[in-house]
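Visitor:
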Amino acid sequence: MSILFTYCGVACGVISIDNKFYIGIDPDLSPKGSLVQFKGFVSEKQTDVNNDSELLNKVDLWLITHGHQDHLDDVGRGYLKGKTVISTNKKITEGLSTLNNMVLKWGEEQIFSVEEYQIIIKAVPAYHASNYIMQKIVGKVNGYQITIKSPSLTKVIYFTGDTVLYSKLTKNIPQNIDVIFANLGAVKSGSFGGPFTMDLEMLKQMESLLKPKNVYPLHIEDYSHYKTTRKEVEAVGYKVLVVGDSISI
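Residue numbers (UniProt numbering): 1 to 249.
1) In this structure, does DSSP put residue 69 in helix, strand or coil?
2) From 202, 65, 23, pick the residue whose C-alpha is nearest to that of residue 119; which is it?
3) Looking at the unbroken beta strand (DSSP E) that takes in residue 154, where does it start and where does it end?
4) Between 76, 52, 116, which lies nearest to residue 18 when the distance is taken from Cα to Cα?
5) Give every residue of the same chain whose Cβ lies closer than 6 Å to the Cβ of residue 122, excluding the five residues on either side of it in the sequence, and list them in chain order.
6) Apart from the five residues just before and just after residue 1, which ones in its own chain have a Cβ nearer than 8 Å to its Cβ?
7) DSSP three-state label for residue 124, please.
8) Considering Cα atoms alone, identify which of 27, 89, 226 is closest to residue 52.
9) Within the continuous alpha helix (DSSP H) that includes residue 113, where are the two ends?
10) Pull up the distance between the alpha-carbon of residue 221 and that of residue 183, whole angstroms please.
11) Considering only C-alpha positions, which residue in the set 38, 66, 45, 15 is nearest to residue 60?
12) Inspect the CB distances between the segment 127 to 135 and the segment 225 to 232 and report whether three or more fall short of 8 Å.
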């Protein structure tokens with residue numbers, strides 16, 4: 001079984017399973033220099049994206065962690081048309097003609113059978129702030145655990161989504177993970193309820209708790225409000241994917 005992950009920028013990427021089934025996540029595909037309006041501030045995209053229409057149009061299943069524009073923008077929404085979409089709520093795909101529009105709450109699963117493969121998508125908790133008040137204001141976010149089974153092999157992939165480290169992590173996430181794709185950024189670190197995404201210290205603790213085979217930090221330097229830098233990430237030994245890179249899982 002050949003599983004490839006192609007990084008498309010920010011928190012977006014595409015998983016290919018033997019070139020037979022494709023899973024995409026969080027398509028923010030607007031060009032470098034784009035401005036995004038958040039609550040109370042504007043952020044500018046700092047990096048390029050891999051808006052490879054040939055690849056992105058192959059996606060059978062899109063996973064959306066939440067509706068912020070640095071995870072799903074107007075360009076990305078175009079790729080959801082006619083596709084199966086799993087998200088936190090149906091409003092995210094409002095106005096789009098999707099093939100299937102599914103909502104998964106934390107702990108819920110959706111199973112797809114494709115030839116000899118079984119693909120299990122599980123929504124897991126993601127806390128997009130460091131205190132309860134800001135978590136409620138920011139809204140619900142999903143992480144996703146993807147289990148891919150063939151007759152001879154099983155692979156487990158964890159996309160953290162925008163989250164901070166939280167106390168019940170090991171109750172929700174298994175310790176048999178092949179790859180973690182971890183959203184960093186230390187967003188709004190030092191502000192009320194911050195940080196809103198993981199910093200490097202949180203990532204190191206997560207790695208220690210879950211003991212994955214590989215960790216790839218994402219969501220770094222892509223917008224002007226992200227604080228974590230590529231240099232900092234590489235300095236502690238993590239590989240930072242280049243936009244357009246494909247890796248084997």
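We put the CB at the ideal spot given by N, CA and C, even for glycine.
Guide: The structure says:
1) For the purposes of this step, residue 69 is taken as residue 69 along the sequence shown, with counting starting at 1. It is coil, neither helix nor strand.
2) Numbered from its first residue, the sequence shown carries residue 119 at position 119. Cα-wise, what sits closest to residue 119 is 23.
3) On the sequence shown, residue 154 is found 154 positions in, with the first residue counted as 1. It spans 154 to 159 - the beta strand (DSSP E) in which residue 154 sits, taken as one unbroken run.
4) As a working note, residue 18 is residue 18 in the sequence shown. Answer by Cα proximity: 116.
5) Residue numbering aside, residue 122 sits at position 122 when the sequence shown is read from its first letter. Hits under 6 Å: 109, 145.
6) In the sequence shown, the residue the question calls residue 1 occupies position 1. Cβ within range, chain order: 17, 18, 117, 148, 150, 152, 153, 155.
7) As a first step, residue 124 must be located in the sequence shown, where it is residue number 124. Of the three classes helix, strand and coil, the one that applies to residue 124 here is strand, per DSSP.
8) Within the sequence shown, the letter at position 52 stands for residue 52. Out of 27, 89, 226, 27 has the C-alpha closest to the C-alpha of residue 52.
9) Taking the sequence shown and counting its residues from 1, one reaches residue 113 at position 113. First-last for residue 113: 109 to 114, but that is the beta strand (DSSP E), not the alpha helix (DSSP H).
10) As a first step, residue 221 must be located in the sequence shown, where it is residue number 221. As a first step, residue 183 must be located in the sequence shown, where it is residue number 183. If you take the alpha carbons of residue 221 and residue 183, they lie about 11 Å apart.
11) As a first step, residue 60 is located in the sequence shown; it is residue number 60 there, counting from the start. Residue 15 is the option with its Cα nearest to residue 60.
12) no
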